Amino acid sequence: MKFNKNLRNIFLILFATLALSACSTAKKSQTSGDVYTGSDTVEYLASGVKDRVFFATNKSSLTSASRETLRKQATYLRKNKKLNVTVEGHADERGTREFNLALGERRANAVKDYLMTYGISGKRISVISYGKERPVNSESTPLAWSQNRRSVTVKVK
Amino acid sequence: MKKIIILLFTFFVVSSHANALIKVDITRGNLDPLPIAVSPLHVEKTSENLENLDIKKLGINISSIIEKNFKSTGLFNPLKREAFVQKPDIAHLKPRFEDWRLIKAQALVTGKLSVKNNKLKVEFRLWDLTASKEMIALSFTTTPTNWRRVAHIISDKIYERLTGEEGYFDTRIIYVAESGPKNQRVKKLAIMDQDGAKTKYLTLGNELVLTPRFNPSNQMVTYLSYFRNLPRVYLLDIETGKQEVVGNFPGMTFAPRFSPDGKKIIMSFAKDGNSDIFTMDLETRKVERITEHSSIDTSPSYSPDGKYICFNSDRSGLQQIYVMKSDGSNVKRITFGNGIYGTPVWSPRGDLIAFTKVRKGKFYIGVMRSDGTGERLLTENFYQEAPSWSPNGRVLVFYRETKSGAQGKGFSAKLWSIDITGYNERKIKTETDASDPSWSSLLSK
Numbered sequence: 001m002k003f004n005k006n007l008r009n010i011f012l013i014l015f016a017t018l019a020l021s022a023c024s025t026a027k028k029s030q031t032s033g034d035v036y037t038g039s040d041t042v043e044y045l046a047s048g049v050k051d052r053v054f055f056a057t058n059k060s061s062l063t064s065a066s067r068e069t070l071r072k073q074a075t076y077l078r079k080n081k082k083l084n085v086t087v088e089g090h091a092d093e094r095g096t097r098e099f100n101l102a103l104g105e106r107r108a109n110a111v112k113d114y115l116m117t118y119g120i121s122g123k124r125i126s127v128i129s130y131g132k133e134r135p136v137n138s139e140s141t142p143l144a145w146s147q148n149r150r151s152v153t154v155k156v157k
Numbered sequence: 158m159k160k161i162i163i164l165l166f167t168f169f170v171v172s173s174h175a176n177a178l179i180k181v182d183i184t185r186g187n188l189d190p191l192p193i194a195v196s197p198l199h200v201e202k203t204s205e206n207l208e209n210l211d212i213k214k215l216g217i218n219i220s221s222i223i224e225k226n227f228k229s230t231g232l233f234n235p236l237k238r239e240a241f242v243q244k245p246d247i248a249h250l251k252p253r254f255e256d257w258r259l260i261k262a263q264a265l266v267t268g269k270l271s272v273k274n275n276k277l278k279v280e281f282r283l284w285d286l287t288a289s290k291e292m293i294a295l296s297f298t299t300t301p302t303n304w305r306r307v308a309h310i311i312s313d314k315i316y317e318r319l320t321g322e323e324g325y326f327d328t329r330i331i332y333v334a335e336s337g338p339k340n341q342r343v344k345k346l347a348i349m350d351q352d353g354a355k356t357k358y359l360t361l362g363n364e365l366v367l368t369p370r371f372n373p374s375n376q377m378v379t380y381l382s383y384f385r386n387l388p389r390v391y392l393l394d395i396e397t398g399k400q401e402v403v404g405n406f407p408g409m410t411f412a413p414r415f416s417p418d419g420k421k422i423i424m425s426f427a428k429d430g431n432s433d434i435f436t437m438d439l440e441t442r443k444v445e446r447i448t449e450h451s452s453i454d455t456s457p458s459y460s461p462d463g464k465y466i467c468f469n470s471d472r473s474g475l476q477q478i479y480v481m482k483s484d485g486s487n488v489k490r491i492t493f494g495n496g497i498y499g500t501p502v503w504s505p506r507g508d509l510i511a512f513t514k515v516r517k518g519k520f521y522i523g524v525m526r527s528d529g530t531g532e533r534l535l536t537e538n539f540y541q542e543a544p545s546w547s548p549n550g551r552v553l554v555f556y557r558e559t560k561s562g563a564q565g566k567g568f569s570a571k572l573w574s575i576d577i578t579g580y581n582e583r584k585i586k587t588e589t590d591a592s593d594p595s596w597s598s599l600l601s602k
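Quick note, the sequences are listed as chains H and U, same order. The first sequence: position 61 = 61 (this note's numbering), numbered continuously. The second sequence: position 127 = 284 (this note's numbering), numbered continuously.
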């Protein structure tokens, strides 16, 4: 009996340690708060210029990492004066369709506003919200949802 | 788009006796459905045969639809035909009540039909077997291709007689038919009879379409289309197929619904990151701003008397439900429970507001009084939203999505219905995946 109990305790500790370490590595590499910080889904407008930024659940505020990305986008747009862009706003699948359309629009405009503070004319930036209609990761997991809460800056051809 | 045939029904009340003993109570979950026998309608031998329509089977086909309608309510228990003891034509003249009581039936439906000069004539009677009495007798004349509607109208008449409430079988549901992978869904507007029959696709799927809603007074539909990548509210006449953009807004319009008189569309207009509620009068084209707030205001829905509007807003921080006067004054928050609330929609009876609630990662469809009290959650799931009322305010239809694995594996979207009692949850069969259902008014009102 005593042996069994000890064995059980050892297993419990072992299990807890494993679970903890798995948890912390996942968090470190992928999200902060619930904002996606990885680069798995990210594409580039030009070398070093990421095309997207990520948002927390129900939020449209820009993180410092997002602002850095957008400053690079602004620099790129200043260099390429003839280029116009569309900012797509997206939401995850964990809200109602109609509210997500509004939320996507709010996110896209947060990006547009920030680009404009760096001297990009509002005329060069159109916005469109897709709500939850166009996920980049179709899985139903918190990680996928964090990748889907995004704004993507797309070149207008 | 095919023209929808305008139907002309002639009703004749043959006779009607009051004071029956049987009555179905639909105000609570019915655990003891009423046993009812639907005798196949007798087909008169002199009936003409028609191309594409097997007249001989029409009697049994109509009674099958009636049985299916009754079963779907959860209030009736249609008995097996094999146990029936009387021939349809004889039962229709005068049932042997004691024989029908022997198979434990409490109500009996009988009828006959004939087709002559390309006209379908249907007669039916409802019998109270406990009181040994005829409860109603009606006859209709219409074109034979309308036979399904005849079955639905008969179902409505019987439902009304037995429950004291208006029926909802002669109705249609407009929805979004979905196909393809989750990240590139192809969405089309589709319309079908309330029982899932006669599906028609109204758009081709070239552009994203969302949230179609019926006009409560005619067969017009308003919806959101991404035509030319400009998300705008559209108006569609399903009889002519004609469609037009609603208003001339310099930005996305979405979340449309009709006013109860069908003369206005109420919707959200998003500009510079802010969504507010507007109306447009469909006759005068006059646009009116209803809300002006820096938060998201969306999902507006009128009370049936047109005096109030409920809507969804995050002005308190998180999404909650608010009610205001229809001119935008007197805004009051009505939800204070744990969790966030969305998609409020006012019951056609005026007493309740149905909603979607999200709490601890679960989605609920619920109802509450229009002042926010008496919240009742009817169903819990991984994801479900967007309730729409049956025209009698007794049933909600909504859509439910499943959890998906990598690459969207296992994802599906289906329509479901549930009684406001919280009982009788049912999946509605659709040809494809489906979402965003909207229930029409009674067609033959």
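Idealized CB from N, CA, C, for every residue including glycine. Just so you know, these numbers come straight off a predicted model, no measurement behind them.
Between Leu475 (chain U) and chain H, is the shortest Cβ-Cβ distance under 8 Å, so that the two count as touching? Working through the second sequence from its first residue, we reach residue 475 (chain U) at position 318. Yes, its Cβ sits closer than 8 Å to a Cβ of chain H.
Helix or strand or just coil, what does DSSP make of Arg446 (chain U)? Residue 446 (chain U) sits at position 289 when you count from the first residue of the second sequence. Look at Arg446 (chain U) here: in three-state DSSP terms it is strand.
Sequence-distant residues of the same chain with beta carbon closer than 7 Å to Gly231 (chain U), five excluded per side: For the purposes of this step, residue 231 (chain U) is taken as the residue at position 74 of the second sequence. For Gly231 (chain U), where only same-chain residues beyond five positions count, the Cβ hits under 7 Å are Asn187, Pro190, Asp576, Tyr580, Asn581.
From U:Arg342, U:Glu323, U:Ile423, U:Glu322, pick the residue whose C-alpha is nearest to that of Val370 (chain U); which is it? Here residue 370 (chain U) is taken as the residue at index 213 of the second sequence, counted from 1. Per the sequence shown, the amino acid found at residue 370 (chain U) is Arg instead of Val. It is U:Ile423.
Same chain, Cβ closer than 7 Å to Gln73 (chain H), neighbours up to 5 away in sequence not counted: Position 73 of the first sequence holds residue 73 (chain H). These residues qualify, in order along the chain: Leu45, Val49, Leu115, Thr153.
If you count every other CB in all the chains shown that lies within 10 Å of the CB of Pro594 (chain U), and 16 or more means buried, which is it? By 1-based counting over the second sequence, the position of residue 594 (chain U) is 437. Buried, by the Cβ-count rule.
DSSP three-state assignment for Glu139 (chain H), whether helix, strand or coil: As a first step, residue 139 (chain H) is located in the first sequence; it is residue number 139 there, counting from the start. In this structure, Glu139 (chain H) counts as coil in the three-state DSSP scheme.
Span of the beta strand (DSSP E) around Gln564 (chain U): Position 407 of the second sequence, counted from the start, is the residue given in the question as residue 564 (chain U). Following the DSSP letters along the chain, one finds Gln564 (chain U) in no beta strand (DSSP E), marked with neither H nor E.
Shortest alpha-carbon distance to Thr267 (chain U) belongs to which of U:Phe406, U:His199, U:Gly531? Indexing the second sequence from 1 puts residue 267 (chain U) at position 110. Measuring from the Cα of Thr267 (chain U), the nearest candidate turns out to be U:His199.
Could you tell me the alpha carbon to alpha carbon distance between Thr141 (chain H) and Leu319 (chain U), rounded to whole angstroms? Counting from one through the first sequence, the residue named residue 141 (chain H) turns up at place 141. Counting from one through the second sequence, the residue named residue 319 (chain U) turns up at place 162. In a straight line, the C-alpha of Thr141 (chain H) is about 48 Å away from that of Leu319 (chain U).
The segment 237-244 of chain U contacting the segment 327-335 of chain U, beta-carbon criterion three pairs below 8 Å: no
Does the segment 360-380 of chain U touch the segment 388-397 of chain U, meaning 3 or more C-beta pairs lie closer than 8 Å? yes
Asp113 (chain H), DSSP secondary structure in three states: Working through the first sequence from its first residue, we reach residue 113 (chain H) at position 113. Three-state DSSP puts Asp113 (chain H) in a helix.
Evaluate the contact criterion for the segment 94-103 of chain H versus the segment 69-85 of chain H: three or more CB pairs, one atom per stretch, below 8 Å. no
What residues in the segment 351-377 of chain U bring their beta carbon closer than 7 Å to a beta carbon of chain H? Against chain H - using a Cβ distance shorter than 7 Å - the residues of the segment 351-377 of chain U are Leu365, Leu367, Thr368.
Please report the straight-line C-alpha distance between Asn487 (chain U) and Gln400 (chain U), rounded to a whole angstrom. Residue numbering aside, residue 487 (chain U) sits at position 330 when the second sequence is read from its first letter. Residue numbering aside, residue 400 (chain U) sits at position 243 when the second sequence is read from its first letter. Approximately 35 Å, taken between the alpha carbons.
What separation, rounded to the nearest whole angstrom, lies between the Cα atoms of Asp418 (chain U) and Leu599 (chain U)? Here residue 418 (chain U) refers to the residue found at position 261 of the second sequence. Here residue 599 (chain U) refers to the residue found at position 442 of the second sequence. Cα-Cα distance, rounded: 15 Å.
If you count every other CB in all the chains shown that lies within 10 Å of the CB of Leu270 (chain U), and 16 or more means buried, which is it? Stepping through the second sequence from its first residue, residue 270 (chain U) is reached at position 113. Counting other Cβ atoms within 10 Å of its Cβ, Leu270 (chain U) reaches 16 or more and is therefore classed as buried.
So which residues of chain U does Ala91 (chain H) contact, with C-beta pairs closer than 9 Å? On the first sequence, position 91 is the one that residue 91 (chain H) refers to. Under the 9 Å cutoff, chain U gives no residues; its nearest Cβ is about 11 Å from Ala91 (chain H).
So, under 8 Å CB-CB, Met437 (chain U) and Lys420 (chain U) are touching, yes? Tell me the CB distance rounded to an integer number of Å. Looking up residue 437 (chain U) in the second sequence gives position 280. Looking up residue 420 (chain U) in the second sequence gives position 263. Between Lys420 (chain U) and Met437 (chain U) the Cβ distance is about 10 Å, and since that is not below 8 Å, they are no contact.
Strictly by DSSP, which residues pair up with Pro235 (chain U)? As a position in the second sequence, residue 235 (chain U) is number 78, starting the count at 1. Paired residues: U:Ile193.
Whole angstroms is fine: what's the gap from Leu116 (chain U)'s alpha carbon to Pro252 (chain U)'s? There is simply no residue 116 (chain U) to check, as chain U begins at 158 and stops at 602 in what is shown.
Of the listed residues H:Ser146, H:Ala91, H:Asn148, H:Leu77, nearest to Val156 (chain H) (C-alpha basis): Within the first sequence, numbered from 1, the residue matching residue 156 (chain H) stands at position 156. Among H:Ser146, H:Ala91, H:Asn148, H:Leu77, the Cα nearest to that of Val156 (chain H) belongs to H:Leu77.
Answer with yes or no whether the minimum CB distance from Thr448 (chain U) to chain H is below 8 Å. The sequence position of residue 448 (chain U) within the second sequence is 291, counting from 1. It does not: the Cβ of Thr448 (chain U) has no partner Cβ on chain H nearer than 8 Å.
I need the straight-line Cα distance from Gln341 (chain U) to Arg134 (chain H), nearest angstrom please. Along the second sequence, read from residue 1 onward, the residue named residue 341 (chain U) stands at position 184. Along the first sequence, read from residue 1 onward, the residue named residue 134 (chain H) stands at position 134. Taking the straight line from one Cα to the other gives about 7 Å.
For Thr410 (chain U), the nearest candidate out of U:Gly321, U:Thr397, U:Gly518, U:Ile434 (CA to CA): By one-based count along the second sequence, residue 410 (chain U) stands at place 253. The option with the nearest alpha carbon to Thr410 (chain U) is U:Ile434.
Counting only Cβ pairs nearer than 7 Å, list the residues of chain H close to Gly562 (chain U). For this step, residue 562 (chain U) is matched to residue 405 along the second sequence. Simply Glu139.
Would you say Lys339 (chain U) faces chain H, with C-beta separation under 8 Å as the test? Taking the second sequence and counting its residues from 1, the one referred to as residue 339 (chain U) is at position 182. So, interface residue.
Quick one: what's got a C-beta closer than 7 Å to Arg583 (chain U)'s C-beta in the same chain, skipping five residues either side? Along the second sequence, read from residue 1 onward, the residue named residue 583 (chain U) stands at position 426. Contacts found: Ser229, Trp573, Ser574.
Who does His90 (chain H) pair with in a DSSP beta bridge? What you label residue 90 (chain H) is simply residue 90 of the first sequence in a count that begins at 1. His90 (chain H) is bridged to H:Gly131.
Going along the chain, which residues of its own chain have a beta-carbon closer than 8 Å to the beta-carbon of Asp525 (chain U), five neighbours each way excluded? In the second sequence, residue 525 (chain U) corresponds to position 368, counting from 1. Correcting the residue identity first, residue 525 (chain U) is Met in this sequence and not Asp. So the list reads Ile491, Thr492, Leu509, Ile510, Phe512, Gly531, Glu532, Arg533, once near-sequence residues are dropped.
Own chain partners of Ser473 (chain U) with C-beta closer than 7 Å, once the 5 adjacent residues on each side are dropped: As a first step, residue 473 (chain U) is located in the second sequence; it is residue number 316 there, counting from the start. Excluding positions up to five away in sequence, the list reads Arg490.
Quick check on this structure: which residue in U:Lys278, U:Val181, U:Ala288, U:Ser336 has the alpha carbon closest to the alpha carbon of Ala308 (chain U)? In the second sequence, counting from the first residue as 1, residue 308 (chain U) sits at position 151. Considering only alpha carbons, the answer is U:Lys278.
Against chain U, with Cβ distances strictly below 8 Å, would Thr153 (chain H) count as a contact? Here the question's residue 153 (chain H) lines up with position 153 in the first sequence. False, the Cβ-Cβ gap to chain U never drops below 8 Å.
Rounded to whole angstroms, what's the CA-CA distance from Leu265 (chain U) to Cys467 (chain U)? Just pull it up for me. Working through the second sequence from its first residue, we reach residue 265 (chain U) at position 108. Working through the second sequence from its first residue, we reach residue 467 (chain U) at position 310. So the two alpha carbons sit approximately 43 Å from each other.
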